[in-house]
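Chains A and B supply the protein sequences, listed in that same order. Number 1111 in this note's numbering belongs to position 36 of the first sequence; there are no gaps in the numbering. Number 1203 in this note's numbering belongs to position 128 of the second sequence; there are no gaps in the numbering. Cβ atoms here follow ideal geometry from the backbone N, Cα and C, with glycine treated the same way. Following: one structure in structure tokens, then a few remarks.
Number of protein chains: 2
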Amino acid sequence: MQKLTAQRQAILDMINRSDKHWDADDVAYALKEEGISIGIATVYRGLAALADQGLIESIQLADKKRYERADKAHHDHLICTRCGSIEEFCEPEIESLQDKVAAERGFKIEGHQLLLFGLCKTCKAEES
Amino acid sequence: MQKLTAQRQAILDMINRSDKHWDADDVAYALKEEGISIGIATVYRGLAALADQGLIESIQLADKKRYERADKAHHDHLICTRCGSIEEFCEPEIESLQDKVAAERGFKIEGHQLLLFGLCKTCKAEES
DNA sequence: ATGCCGAATGATAATCACTATCACTATCAT
DNA sequence: ATGATAGTGATAGTGATTATCATTCGGCAT
């Protein structure tokens, strides 16, 4: 019932073209740069639909949602509170511990989000 | 420079009185019930200040921030996407794996947030 | 006591990400 | 072609949170 329209295809192509973590404005702006003008509401709906279909991944930060390519292995994020950079990491052992915890409580996991906040290597070095 | 004023003390007492996960409106409403009327802006500022001082803990959900008592061992959260209930769990092994990952990348962890989304035991049983 | 100063308060306006509305359009099945 | 269904885009609305600003509070030095 969800359609992959021309607009959504354009959004998907844009996101697949880089490893960035996009918010809705980023996408709308980048598309406009290429002469493709899509209403902001459509961008929001498109991002939600694409994430729903598993074609892109979403992460919920404190202020806004960001989206990234889905054609990578699952991973979680390290977020620098100083420069805002986002690094990715993959730790299968954490995933299986999550499953264990959920199983113990009869909880059925549908998704998860692990964010580590702190200082990235560069910012740590620059701290006085 | 941050002061523990009468208003903030009232907020803190309220939160320490139960194991709930409070949002700003919850706190304002509960205080009003007791005849203590505090401006909503003051509640927001008070919650932020108390969390800043480590007197309460905060968790950032998709829609809003929630606060809870800090006088418990560190834990993470299981959030039911059907009924909204929040369970807590503690898994030290996950914490140490996080430290390992960060150390490998020269990242200095200042905090983290692990949310597991899905169906709680009750809601899982009620699903057709 | 008095005056000063930085911080807090509270009413309210503003912000910001996001969602709803609604008229219109595109797509697809019959 | 016809109708059903979903999508689009401009714009208004929503809801949590923050900024503004005049006023007040709590210490501390005089």
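When you compare the CB positions of residue i and residue j, do they come within less than 8 Å of one another, or not?
{"i": "B/E1162", "j": "A/R1180", "result": "yes"}
{"i": "B/A1148", "j": "B/I1131", "result": "no"}
{"i": "B/G1028", "j": "A/F1182", "result": "Examination of residue 1028 of chain B is not possible in this model, given that chain B is present from 1076 through 1203 alone."}
{"i": "A/R1083", "j": "A/G1110", "result": "no"}
{"i": "A/A1116", "j": "B/Q1135", "result": "no"}
{"i": "A/L1239", "j": "B/A1177", "result": "Residue 1239 of chain A is absent from the model: chain A starts at 1076 and stops at 1203."}
{"i": "A/C1198", "j": "A/C1165", "result": "no"}
{"i": "A/L1079", "j": "B/L1189", "result": "no"}
Let me know the secondary structure DSSP gives residue i once reduced to three states.
{"i": "A/T1147", "result": "A quick correction: the sequence has Lys, not Thr, at residue 1147 of chain A. Coil, per DSSP."}
{"i": "A/S1112", "result": "coil"}
{"i": "A/L1122", "result": "helix"}
{"i": "A/E1170", "result": "helix"}
{"i": "A/R1083", "result": "helix"}
{"i": "B/R1141", "result": "strand"}
{"i": "B/K1095", "result": "coil"}
{"i": "A/K1205", "result": "Because residue 1205 of chain A is not part of the residues shown, which for chain A are 1076 to 1203, the question remains open."}
{"i": "A/K1199", "result": "helix"}
{"i": "A/K1078", "result": "coil"}
Identify the residues that DSSP records as bridge partners of residue i: which are they?
{"i": "B/Q1188", "result": "A/L1190"}
{"i": "B/I1133", "result": "Residue 1133 of chain B is actually Ser in this sequence, not Ile. The partner list for B/S1133 (beta bridge, DSSP) reads B/Y1142."}
{"i": "B/C1155", "result": "B/G1193"}
{"i": "A/I1161", "result": "A/I1154"}
Only counting the same chain, and skipping five residues up and downstream in sequence, which positions put a Cβ closer than 8 Å to that of residue i?
{"i": "B/Q1173", "result": "I1184 and H1187"}
{"i": "B/Y1119", "result": "A1099"}
{"i": "A/I1086", "result": "V1102, L1106, I1113, V1118, G1121, L1122 and L1125"}
{"i": "B/I1169", "result": "D1151 and L1189"}
Excluding five sequence neighbours on each side, which residues of the same chain lie with their C-beta closer than 6 Å to the C-beta of residue i?
{"i": "A/N1091", "result": "R1144"}
{"i": "B/S1171", "result": "none"}
{"i": "A/Y1104", "result": "none"}
{"i": "A/K1139", "result": "D1098"}
{"i": "A/H1096", "result": "R1141, E1143 and I1161"}
{"i": "B/S1133", "result": "A1126, K1140 and Y1142"}
{"i": "B/L1191", "result": "L1153"}
Looking only at its chain, what residues have a beta carbon closer than 7 Å to the beta carbon of residue i, apart from the 5 residues adjacent to it on each side?
{"i": "A/Q1128", "result": "Q1077"}
{"i": "A/R1157", "result": "L1194 and C1198"}
{"i": "A/M1089", "result": "V1102, A1105 and L1106"}
Problem - Within 7 Å of chain B by C-beta, residues of the segment 1182-1197 of chain A in sequence order - result: F1182, K1183, I1184, E1185, G1186, H1187, Q1188, L1189, L1190, L1191, F1192, G1193, L1194, C1195 and K1196
Practice task
Note down, in chain order, all residues in the segment 1163-1182 of chain B with a beta-carbon under 7 Å from any beta-carbon belonging to chain A.
Solution key: F1164, E1166, E1168, I1169, L1172, Q1173, V1176, A1177, R1180, G1181 and F1182
Handout entry: chain B contacts made by the segment 1132-1153 of chain A, where a contact means CB separation under 7 Å
Key = Q1135, A1137 and L1153
Problem - chain A contacts from the segment 1092-1113 of chain B (Cβ-Cβ distance under 9 Å) - result: none
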